[in-house]
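Student:
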Amino acid sequence: SPSLWSLIFDKYTAFVLLQAFNTPTNHHIYTTQNKASIQQKTLKYNSRVSWMAIIPCGSTWVARWGVQPQFISRSSITSKLSTSSHCVSSKIRALASPSSTIFSRDSLQALFNTWPSKNPCSCRGARLIVRADSDYYAVLGVSKNANKSEIKSAYRKLARSYHPDVNKEPGAEQKFKEISNAYEVLSDDEKRSIYDRYGEAGLKGGGMDMGDFSNPFDLFESIFDGLGGMGGRGSQNRATNGEDQIYNLVLNFKEAVFGVEKEIEITRLESCGTCDGSGAKPGTRPSKCSTCGGQGQVVSSARTPLGVFQQVMTCSACGGTGEISTPCNTCGGDGRVRKSKRISLKVPAGVDSASRLRVRSEGNAGRRGGSPGDLFVIIEVLPDPVLKRDDTNILYSCKVSYVDAILGTTMKVPTVDGMVDLKIPAGTQPGTTLVMAKKGVPYLNKSNMRGDQLVRVQVEIPKRLSSEERKLIEELANLNKAEAPNSRR
Numbered sequence: 001s002p003s004l005w006s007l008i009f010d011k012y013t014a015f016v017l018l019q020a021f022n023t024p025t026n027h028h029i030y031t032t033q034n035k036a037s038i039q040q041k042t043l044k045y046n047s048r049v050s051w052m053a054i055i056p057c058g059s060t061w062v063a064r065w066g067v068q069p070q071f072i073s074r075s076s077i078t079s080k081l082s083t084s085s086h087c088v089s090s091k092i093r094a095l096a097s098p099s100s101t102i103f104s105r106d107s108l109q110a111l112f113n114t115w116p117s118k119n120p121c122s123c124r125g126a127r128l129i130v131r132a133d134s135d136y137y138a139v140l141g142v143s144k145n146a147n148k149s150e151i152k153s154a155y156r157k158l159a160r161s162y163h164p165d166v167n168k169e170p171g172a173e174q175k176f177k178e179i180s181n182a183y184e185v186l187s188d189d190e191k192r193s194i195y196d197r198y199g200e201a202g203l204k205g206g207g208m209d210m211g212d213f214s215n216p217f218d219l220f221e222s223i224f225d226g227l228g229g230m231g232g233r234g235s236q237n238r239a240t241n242g243e244d245q246i247y248n249l250v251l252n253f254k255e256a257v258f259g260v261e262k263e264i265e266i267t268r269l270e271s272c273g274t275c276d277g278s279g280a281k282p283g284t285r286p287s288k289c290s291t292c293g294g295q296g297q298v299v300s301s302a303r304t305p306l307g308v309f310q311q312v313m314t315c316s317a318c319g320g321t322g323e324i325s326t327p328c329n330t331c332g333g334d335g336r337v338r339k340s341k342r343i344s345l346k347v348p349a350g351v352d353s354a355s356r357l358r359v360r361s362e363g364n365a366g367r368r369g370g371s372p373g374d375l376f377v378i379i380e381v382l383p384d385p386v387l388k389r390d391d392t393n394i395l396y397s398c399k400v401s402y403v404d405a406i407l408g409t410t411m412k413v414p415t416v417d418g419m420v421d422l423k424i425p426a427g428t429q430p431g432t433t434l435v436m437a438k439k440g441v442p443y444l445n446k447s448n449m450r451g452d453q454l455v456r457v458q459v460e461i462p463k464r465l466s467s468e469e470r471k472l473i474e475e476l477a478n479l480n481k482a483e484a485p486n487s488r489r
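Going by full-length UniProt numbering, the residue at position 49 of the sequence shown is 49; the numbering climbs one at a time, nothing skipped.
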């Protein structure tokens, strides 16, 4: 019943937030009833079968309430929908569009409300499958009556445009794979016939799972015979970039202020020279992984009181490469070996503790043609026993006798440039801060600009006085008392 559907949907959405994916083929919404003829034109929800499923393709958690997905032909759906077919197909496209991020009850109800029957639960035993197929003809830009020559010509044109070695735009490689999948089906008479009758569901139901499609780069190479320097990408599409490396560098105070050039030794993974980074023993050839069928991913299932959960995981047998090979004796199949290297590092003026320097391509080597990672150097600055740092300013505390504070003086103070004369004005008060302009730290990446050195004056008051000092200070005090009445007149 509709209320039962609402209850199940609420339980499902309360448990997991289902994210949409970027291609229509990733959206499959199944509702399945009892074993009755799929030719009936109306629906009946069997109250004894209280389960449903929303199962996307891709790497996500999936809740499945005891249901086995079923497929029917698109022609059967079309005949049932009659005049509402355009409305339904429009809603399917909206539901499966890249901009759609969440399946909601409203979107599903809007889809179901287009069904021509006033009561979608009035008859017993039919099945409704709402599917969003990829239109392979539209992908290649050809009509459904196109011959093999036209299909091949369209594929060649699009494949050249979207090949990742030529088109560096985001999404180009995914588009290239979609084009290759479309050509793989439409260029094969048997697959095309099944697709025309049943869509993608027919290909899967007939044992022609999308995962069995040829590697799109191998397909491209077979069509173009490696023209234009874009062949041999079959292994590159499984390339993985190398990991970044971290190196901690300790500097003294002045090295951080003025910059320094250091030679450091790092240990990283470099491409194996024995197997040229392939990971395979020389003289052997890799074969398709039987565990994942060459896809590099497997589905892990677990049954819980809430249902069956599935997660797409990297295949442990092949490490996600989709290939099994006899491992290289030198690198053990990783394609990389650990080596030490000395590099010269230029540390700019003005760095501080926790500053991070990036040295591109000096991290671990990538696997199977992947780009190397980067080296990140983390700076740690040792404190100076006298000078303190506050961003680009240097802080220093200067002790001055009470006599010098009263009379004024000139004294030498330490700076990062060495000892420098500092004038203490007469009448300087305790806690006064004097500014030594441009004696601070250079601005990072702006070495022509510097901060200041801030000198805080600490006036020292003696705890003990000699008899002569006491006598002189008492005379000064009496003089101040004598001058006080005159100052008030």
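We put the CB at the ideal spot given by N, CA and C, even for glycine.
If L454 and V435 are in contact, beta carbons under 8 Å, what's the gap, nearest whole angstrom?
Tutor: Locating residue 454 in the sequence shown gives position 454, counting from the first residue. Locating residue 435 in the sequence shown gives position 435, counting from the first residue. Yes, L454 and V435 are in contact; Cβ-Cβ is about 6 Å, under 8 Å.
Student: Give the secondary structure of S466 by DSSP, where H, G and I count as helix, E and B as strand, and everything else as coil.
Tutor: Position 466 of the sequence shown holds residue 466. In this structure, S466 counts as coil in the three-state DSSP scheme.
Student: Any heavy atom of the ligand NAP closer than 7 Å to the Cβ of I406?
Tutor: For the ligand NAP, the structure offers nothing, since it holds no ligand at all.
Student: With burial defined as no fewer than 16 other Cβ atoms inside 10 Å of the residue's Cβ, what is the status of G427: buried or exposed?
Tutor: Taking the sequence shown and counting its residues from 1, the one referred to as residue 427 is at position 427. G427 should be labelled exposed.
Student: Smallest Cα separation from T410: which of C331, L422, A365 and K346?
Tutor: Your numbering for residue 410 matches position 410 in the sequence shown. For T410, the nearest C-alpha among the options comes from L422.
Student: Compute the distance between the beta-carbons of F376 and R356, then report whether it is under 8 Å.
Tutor: Residue mapping note: residue 376 aligns to position 376 of the sequence shown, counting from 1. Residue mapping note: residue 356 aligns to position 356 of the sequence shown, counting from 1. Against a cut-off of 8 Å, the Cβ pair of R356 and F376 comes out as a contact.
Student: Determine contact between the stretch 258–267 and the stretch 346–355, defined as no fewer than three beta-carbon pairs at a distance below 8 Å.
Tutor: Result yes; three or more Cβ-Cβ pairs closer than 8 Å.
Student: Can you check the stretch 390–436 for any alpha helix (DSSP H) of at least 4 residues that lies completely inside it and give the ranges in chain order?
Tutor: Within the stretch 390–436, the complete alpha helix (DSSP H) runs of at least 4 residues are 402–407.
Student: Compute the Euclidean distance between the alpha carbons of residue 490 and K254, then round it to the nearest angstrom.
Tutor: An answer regarding residue 490 cannot be provided, because it is not within the stretch 1 to 489 covered by the chain.
Student: Cutting at 6 Å between CB atoms, please list the residues of its own chain near G242, excluding the five before and the five after it.
Tutor: Within the sequence shown, residue 242 is the residue found at index 242, counting from 1. Counting only Cβ-Cβ distances below 6 Å, and skipping sequence neighbours, we find G363, N364, A365, G366, P372 and G373.
Student: What do you reckon, are the CB atoms on A154 and V142 nearer than 8 Å?
Tutor: Within the sequence shown, residue 154 is the residue found at index 154, counting from 1. Within the sequence shown, residue 142 is the residue found at index 142, counting from 1. Against a cut-off of 8 Å, the Cβ pair of V142 and A154 comes out as a contact.
Student: Can you tell which of I151, Y402 and A239 has its C-alpha closest to the C-alpha of L465?
Tutor: If you number the sequence shown from 1, residue 465 lands on position 465. Checked all of I151, Y402 and A239; the closest Cα to L465 is Y402.
Student: Taking only runs that begin and end inside the stretch 134–200, name each unbroken alpha helix (DSSP H) of 4 or more residues, in chain order.
Tutor: Entirely contained in the stretch 134–200, the alpha helix (DSSP H) runs reaching 4 residues are, in chain order, 136–140, 148–162 and 172–186.
Student: Taking Cβ positions, are T284 and T326 nearer each other than 8 Å?
Tutor: The count along the sequence shown starts at 1 and reaches residue 284 at position 284. The count along the sequence shown starts at 1 and reaches residue 326 at position 326. A contact, by the Cβ cut-off of 8 Å.
Student: For the stretch 267–279 against the stretch 332–349, do three or more pairs of beta-carbon atoms, one drawn from each stretch, fall closer than 8 Å, so that the two count as touching?
Tutor: Yes: the two stretches touch, three or more of their Cβ pairs being nearer than 8 Å.
Student: Output yes or no for whether 8 Å exceeds the beta carbon distance between I424 and A437.
Tutor: Working through the sequence shown from its first residue, we reach residue 424 at position 424. Working through the sequence shown from its first residue, we reach residue 437 at position 437. Their beta carbons are not under 8 Å apart, which means I424 does not touch A437 by this criterion.
Student: How far does the beta strand (DSSP E) with K254 in it reach, from first residue to last?
Tutor: Here the question's residue 254 lines up with position 254 in the sequence shown. Here K254 belongs to no beta strand (DSSP E); instead the alpha helix (DSSP H) covers F253 to F258.
Student: Based on Cα-Cα distance, which residue from K148, I151, V139 and S149 lies nearest to Y162?
Tutor: Your numbering for residue 162 matches position 162 in the sequence shown. Measuring from the Cα of Y162, the nearest candidate turns out to be V139.
Student: What distance in whole Å lies between the Cβ atoms of Y198 and Y136, which are believed to be in contact at a cut-off of 8 Å?
Tutor: Here the question's residue 136 lines up with position 136 in the sequence shown. Here the question's residue 198 lines up with position 198 in the sequence shown. The Cβ separation is near 13 Å, so there is no contact.
Student: Relative to the C-alpha of Q245, which candidate in E474, R358 and G332 has its C-alpha closest?
Tutor: Here residue 245 refers to the residue found at position 245 of the sequence shown. Taking only the C-alpha atoms, the option nearest Q245 is R358.
Student: Under DSSP, the beta strand (DSSP E) around L454 begins and ends at which residues?
Tutor: The residue labelled residue 454 in the question sits at position 454 within the sequence shown. Start and end: Q453 to E460.
Student: Between which residues of its own chain and K388 is the CB-CB distance below 6 Å, once the five residues before and five after are set aside?
Tutor: On the sequence shown, residue 388 is found 388 positions in, with the first residue counted as 1. Correct list, in chain order: L395.
Student: Starting from K341, trace the beta strand (DSSP E) both ways and give me its first and last residue.
Tutor: Looking up residue 341 in the sequence shown gives position 341. Per DSSP, K341 belongs to the beta strand (DSSP E) from R336 to V347.
Student: List the endpoints of the continuous beta strand (DSSP E) containing N448.
Tutor: The count along the sequence shown starts at 1 and reaches residue 448 at position 448. That run of the beta strand (DSSP E) goes K446 to R450.
Student: Is it buried or exposed, residue 490, if we count other Cβ atoms within 10 angstroms and call 16 or more buried?
Tutor: The structure shown does not extend to residue 490, since the chain is modelled only from 1 to 489, so the question has no answer here.
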